[in-house]
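Quick note: the sequence shown uses the working numbering, first residue 10, plus one each step. No residue lacks a Cβ here, since even glycine has one placed at the ideal position from N, Cα and C. What you are looking at is a predicted structure, and each value in this text was computed from that prediction instead of being measured.
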Amino acid sequence: MAKRFSPNAQFGGLFHGQESAGISSQGDLSWMKSRDWTPKLIGGSLFAAEALRMDSYLIQVNGHDDHGDHAMLDVHLKTNGNSIPLGKAKGRKPRWAVRASEMSKKTFNPVRAIVDSMKVEPNPKKAMISLSLGDPTVFGNLPTNSEVTRAVKEVLDSGRCNGYAPSVGYQSCREAVAAFYTCPEAPLEAQDVILTSGCSQAIELALAVLANPGQNILVPRPGFSLYKTLALSMGIEVKLYNLLPEKAWEIDLKHLESLVDEKTACLIVNNPSNPCGSVFSKRHLQKILAVASRQCVPILADEIYGDMVFDDCKFEPIATLSTNVPILSCGGLAKRWLVPGWRMGWILIHDRRDIFGNEIRDGLVRLSQRILGPCTLVQGALERILHRTPPEFYHNTLSILKSNADLCYTALSAIPGLRPVRPAGAMYLMVEIEMEHFPEFENDVEFTERLISEQSVFCLPATCFEYPNFFRVVITVPEEMILEACSRIQEFCEMHYQGAEGAQDLECDK
């Protein structure tokens, strides 16, 4: 079918600069040469009429759409009796240009980057002992409680939790979490709980709701690497505040406060700590809150290791000490209940002075709708897991961790050149390497690489946590493996250690 044709009317302004111009079948295309216009894509083809040279033409549209109008996908231009598909006319040739997003390019996990770059093979004569992975299930010596698994099995068999749940979690499950954590100092209701896919997603949602691209957050050094990974992917700047090993990893409060500026969106407080195994005292937490209150900075509290503290310590949820600082507390089942793969976490919203108001709560709800909540099977079992897990399960787990921590600390303290920092909770212990006594190694990464190749013991270099010349030990492994690993570390250090006199001689030889 040929017809009188209005390019802008039919093609939504294909010919910019020739608005609503009706062009007859004997028209003149000279206006194309004299005006600026931008060709557009139609059904994936570029209409490149400015590249054509002709005296007469006919634009033909074939086919119909569902409404009886001319289809836009089969367009030909006839000139001198020849039909030329517009997609074959001269102009820009379509090319594949699929690129990774800027967000993906900004996403960087320092642990993976460092570990993946360690091209080293363990000693084939010695079985590998890995003290690097913070997964308490790896060796099978720390199973979850039978009440926990029984609760999930019953939900699975019932078939009542196979569908979608609300994105923030089932109401009954939110009520169960609120009831478990509420206390007079920090009361909670179901509306104050957002269920998430693990504590990692809880942290992600909390960061996303509090900070915009271009703002900054305050993160502990050494600290869990995920904070930086998430923040940088969102275009959020990370400012690192120091922890002090000589003070059992307390925060350097003066340094912390000096980092705050008008673009600071939140302060992350990780207690008990990964990677340090430290637990803040009530007095120290009050000092942290005083800084946040003076600077009007909300707190993101990573408390996934909450209550995983040894006998001589007490865990104080930071929200129970706050009278005015708004807090998003992130937690989950992963560590205390020893089921990290079940991916059940939560955000507890503490807002005594209504500083967050509805805006932060509504923002969390909207953000949770991106993945429609955590596993419904685990949600269905959550009330029973929280309220029926026997106290002796928690006690036994902590007893094993405390025993391993003491064994490891005592053994490593006796090794020349190493200075472990005694942990008070969580699942980790940090060890300083006195690098001046190991001059053949440039840094903690080289030290731990050689430890793998010579002794088949893998400890994570603390460069992964922005804290060079330390390494982290995971204390969830069986006792006999802890003792064997410490023995090998001692053998390694004795092989490479140089005393002050030897180190001085080496320096003079340079």
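Note that the C-beta distance between A274 and N225 is below 8 Å.
The C-beta distance from T153 to W346 rounds to 6 Å, short enough to meet the 8 Å contact threshold. The C-alpha of E198 lies about 9 Å from the C-alpha of L357.
Collapsing the DSSP output to three states places Y437 in a strand.
With a cut-off of 8 Å on Cβ pairs, the segment 305-323 is in contact with the segment 265-281, counting three or more such pairs. Per DSSP, N251 lies in no alpha helix (DSSP H) segment; the continuous beta strand (DSSP E) that holds it begins and ends at E246 to L253. Contact between F479 and V454 is absent: CB atoms are separated by about 11 Å, not below the 8 Å threshold.
Counting the other Cβ atoms within 10 Å of the Cβ of A136 gives fewer than 16, which makes it exposed. When C-beta atoms of the segment 412-423 are compared with those of the segment 459-472, fewer than three pairs fall below 8 Å, so the two segments do not count as touching. Contact between the segment 200-207 and the segment 248-257 is absent, with fewer than three C-beta pairs closer than 8 Å.
Counting of Cβ neighbours within 10 angstroms places K263 among the exposed residues, the total staying below 16. Per DSSP, the unbroken alpha helix (DSSP H) holding I212 starts and ends at G207 to L219. The count of Cβ pairs closer than 8 Å, one atom from the segment 110-125 and one from the segment 239-251, reaches three, so the stretches are in contact. Apart from the 5 residues on each side of it in sequence, P145 sits with its Cβ closer than 6 Å to the Cβ of L151, L347 and T485 in its chain, given in chain order. In the structure shown, P349 adopts helical secondary structure according to DSSP, grouped into three states. In the three-state reduction of the DSSP assignment, V157 falls in the helix class.
DSSP places N225 in the strand class (E or B) of the three-state scheme. In this structure N280 does not touch F233 by the C-beta definition: roughly 12 Å separates them, more than the 8 Å allowed. Annotated as proximal: A494 and I138, with beta-carbon spacing under 8 Å.
For R459, the enclosing alpha helix (DSSP H) begins and ends at D453 to Q464. Shown here for P335: same chain residues with a beta carbon closer than 6 Å to its own, the five before and five after excluded, namely P307, D360, I364 and F365 in chain order. Scanning its chain for C-beta atoms nearer than 6 Å, with the 5 sequence neighbours on each side dropped, one finds around I461 the residues V129, P131 and F467, in chain order.
Contact between V387 and I327 fails: their C-beta atoms lie close to 26 Å from each other, not under 8 Å.
For S302, the uninterrupted alpha helix (DSSP H) run begins and ends at K291 to Q304, by DSSP. In the DSSP assignment, S338 forms a beta bridge with A310 and L357. When the five nearest sequence neighbours on each side are left out, the beta carbons in the same chain lying within less than 7 Å of the beta carbon of L249 are those of V228, R230 and E475, in order along the chain. As the crow flies, the alpha-carbon of N221 is around 15 Å from that of I212. For N279, the uninterrupted beta strand (DSSP E) segment begins and ends at T273 to N279.
In this structure, the CA atom of I260 is about 36 Å from the CA atom of L381. The beta-bridge partner set that DSSP reports for A199 is empty. The C-beta distance from W351 to V186 rounds to 15 Å, too long to meet the 8 Å contact threshold. A residue is called buried when at least 16 other Cβ atoms come within 10 angstroms of its Cβ; V107 does not meet this threshold and is exposed.
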